[in-house]
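K.L.:
Residue numbers (this note's numbering): 1295 to 1783. Note that the Cβ used here is the ideal one computed from N, Cα and C, for glycine as well. Quick caveat, the model's predicted, so the values are computed rather than measured. Next up is a structure, given as structure tokens.
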């Protein structure tokens, strides 16, 4: 036997399905998740820093583009001014272009090329015919019209060249002046501005991050306080609430949400206490039967038939306790998911007759079940129907003088079944009618009964959970009458 058990255990382990292992996140995603801040203040600060960095990057690029464009325009203006000065030394009045000698001729000849048509007349002394600057000047003169170009002729130092054509006069020859300017000072100014803007951006980003953390931390301080208060109040089920006064709109919404959460927690605690009380109330009767049977069985020797009868009573009481627990727990679960859900149907007359047969009624009290013809089934389970009607019938039997009548009828409202529980007892005191269905309330605690005041509230709550109702007929004169309304199945 042990060997077979071991083989079965090994086979169960071999054929046991291993749950699929969830795919591991990519290494980059895991690394980024570890780097991400875990606090709200850190995340908001990071968002502010990223936004500021993007904005400053765009502004820096635009600013430096505008600066470079402005410096280039200044350089072109300088070249055009120098070309205009050189043009005053060029004589195009004759059939040939002549360059006049002036006092400042050496200054004017620096970085200047003069062309007669496409023929080079003069060039800077420091350049040759195959020099890149001379070749670039040749291209500008050949192109005609006023044009500019940038040439990197001496390593990384850029040179700007601009051409200025001299106007033709009738049949006279045309001339072109090309001037050059070193852009290194302009580029140095642009680089200095770029470096200054980057340093300023870095300082602004550091200040933005620090100020954002300080501001967010100060803004979240009331939230932290409210969180601590909510945790403390929920632990002791306090009646204190935050309210919406003297709070900004965002904190007022948060306070309202926390107040609703605290109310739900308190309702859950109250529901748990009520469920505990209802269980203890409903389990008291079958538990008492078990204890009485055990005491009676142990009081003196019993025959086999008497012992078997005691066992049947104990088993029946235990089954009743199990049914009570299942009914109340299922009702508690269904009330959380969907308060209006009531699966199953029940034959009302059959359930009530079985309930009456199981009652431990006194010999002088007669319990009768009366039903009209054509009564439909109720839209609840038999166990739940029994739990709804049982407290009403038990109370009626407890206080009746001689008669308890359970009447089943079809109500005028479509799809409804009515159950009236009537007794000929003293009835409910008029002053107590308003508290009749409140948990833990009893009209007279010294009447000799051990009830806890939970039966009627339990019956009403279970009936409402399935779309029905339990009410007391205050107009009934002799005794008491309770009416149960349930949906038809």
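#1: Alpha carbon to alpha carbon, how far is residue 1480 from residue 1366? Give it in angstroms, no decimals.
#2: When DSSP labels each residue in this structure, what does residue 1604 get in the three-state scheme?
#3: Throw me the rounded Cβ distance for the residue 1711 and residue 1669 pair, which I believe falls under 8 Å.
#4: Does DSSP put residue 1761 in a helix, in a strand, or in coil?
#5: Of all the options 1639, 1373, 1662, which has the alpha carbon lying nearest to the alpha carbon of residue 1477?
#6: Restricting to runs no shorter than 3 residues, where is the beta strand (DSSP E) found entirely within the segment 1649-1696?
#7: With residue 1393 and residue 1415 assumed to form a contact (beta carbons below 8 Å), what rounded beta-carbon distance in angstroms separates them?
#8: With a cut-off of 8 Å on the beta carbons, I'd call residue 1715 and residue 1659 a contact; round off their distance for me.
#9: Quick one: give me the first and last residue of the beta strand (DSSP E) that residue 1416 is part of.
#10: So, under 8 Å CB-CB, residue 1499 and residue 1350 are touching, yes? Tell me the CB distance rounded to an integer number of Å.
#11: Could you tell me whether the Cβ atoms of residue 1391 and residue 1469 are closer together than 8 Å?
#12: The alpha helix (DSSP H) with residue 1468 in it runs from where to where?
#13: Exposed or buried, which one is residue 1306 when buried takes at least 16 other CB atoms within 10 Å?
#14: Under 6 Å Cβ to Cβ from residue 1766, same chain only, skipping five residues before and after it: list those, please.
#15: Count the other C-beta atoms from every protein chain shown that fall within 10 angstroms of the C-beta of residue 1726, then say buried if there are 16 or more, exposed otherwise.
#16: Could you check the C-alpha separation between residue 1444 and residue 1346 for me, to the nearest Å?
#17: Alpha carbon to alpha carbon, how far is residue 1482 from residue 1370?
#18: Run through DSSP, which three-state label would residue 1490 get?
#19: Hey, how far is the Cα of residue 1384 from the Cα of residue 1361?
#20: Could you tell me the boundaries of the beta strand (DSSP E) in which residue 1716 lies?
#21: How would you write the range of the beta strand (DSSP E) that residue 1406 sits in, first residue to last?
#22: Per DSSP, residue 1766 forms a beta bridge with which residues?
#23: Considering only their Cβ atoms, is the gap separating residue 1650 from residue 1642 smaller than 8 Å?
P.N.:
Looking at the coordinates:
#1: Along the chain shown, read from residue 1 onward, the residue named residue 1366 stands at position 72. Along the chain shown, read from residue 1 onward, the residue named residue 1480 stands at position 186. In a straight line, the C-alpha of residue 1366 is about 8 Å away from that of residue 1480.
#2: Within the chain shown, residue 1604 is the residue found at index 310, counting from 1. Looking at residue 1604 - three-state DSSP - the assignment turns out to be helix.
#3: Position 417 of the chain shown, counted from the start, is the residue given in the question as residue 1711. Position 375 of the chain shown, counted from the start, is the residue given in the question as residue 1669. Contact flag correct, Cβ pair sits at about 7 Å.
#4: Mapped onto the chain shown, residue 1761 falls at position 467. Coil.
#5: Counting from one through the chain shown, the residue named residue 1477 turns up at place 183. Out of 1639, 1373, 1662, 1373 has the C-alpha closest to the C-alpha of residue 1477.
#6: 1660-1665
#7: The residue you call residue 1393 lines up with position 99 of the chain shown. The residue you call residue 1415 lines up with position 121 of the chain shown. 6 Å between Cβ atoms; contact.
#8: Numbered from 1 along the chain shown, position 421 holds the residue referred to as residue 1715. Numbered from 1 along the chain shown, position 365 holds the residue referred to as residue 1659. About 13 Å; that fails the 8 Å criterion.
#9: For the purposes of this step, residue 1416 is taken as the residue at position 122 of the chain shown. 1413-1416 is the extent of the beta strand (DSSP E) around residue 1416.
#10: On the chain shown, residue 1499 is found 205 positions in, with the first residue counted as 1. On the chain shown, residue 1350 is found 56 positions in, with the first residue counted as 1. 7 Å between Cβ atoms; contact.
#11: Indexing the chain shown from 1 puts residue 1391 at position 97. Indexing the chain shown from 1 puts residue 1469 at position 175. Going by C-beta atoms, residue 1391 is nearer than 8 Å to residue 1469.
#12: By 1-based counting over the chain shown, the position of residue 1468 is 174. Per DSSP, residue 1468 belongs to no alpha helix (DSSP H) and is neither H nor E.
#13: For the purposes of this step, residue 1306 is identified with residue 12 of the chain shown, where counting begins at 1. Confidence at residue 1306 is low in this model, with a pLDDT of 42, below 50, so the placement of that residue is unreliable and no value is reported for it.
#14: In the chain shown, the residue the question calls residue 1766 occupies position 472. Once the five neighbours on either side are set aside, the close Cβ partners of residue 1766 are 1730, 1776.
#15: Position 432 of the chain shown, counted from the start, is the residue given in the question as residue 1726. With fewer than 16 Cβ atoms within 10 Å of its Cβ, residue 1726 is classed as exposed.
#16: The residue given as residue 1444 occupies position 150 in the chain shown. The residue given as residue 1346 occupies position 52 in the chain shown. Using only the alpha carbons, I get a separation of about 36 Å.
#17: Locating residue 1482 in the chain shown gives position 188, where the first residue counts as 1. Locating residue 1370 in the chain shown gives position 76, where the first residue counts as 1. The alpha-carbon atoms of residue 1482 and residue 1370 are separated by roughly 17 Å.
#18: The residue given as residue 1490 occupies position 196 in the chain shown. If DSSP states are grouped into helix, strand and coil, residue 1490 belongs with the helices.
#19: As a first step, residue 1384 is located in the chain shown; it is residue number 90 there, counting from the start. As a first step, residue 1361 is located in the chain shown; it is residue number 67 there, counting from the start. Rounded to whole angstroms, residue 1384 to residue 1361 spans 35 Å at the Cα level.
#20: Taking the first residue of the chain shown as 1, we reach residue 1716 at position 422. Counting along the chain, the beta strand (DSSP E) containing residue 1716 begins and ends at 1710-1717.
#21: Here residue 1406 corresponds to residue number 112 of the chain shown, with the count starting at 1. It spans 1406-1410 - the beta strand (DSSP E) in which residue 1406 sits, taken as one unbroken run.
#22: Counted from its first residue, the chain shown places residue 1766 at position 472. Residue pairing by DSSP places residue 1766 opposite 1776 in a beta bridge.
#23: Working through the chain shown from its first residue, we reach residue 1642 at position 348. Working through the chain shown from its first residue, we reach residue 1650 at position 356. Not in contact: residue 1642 and residue 1650 (Cβ atoms no closer than 8 Å).
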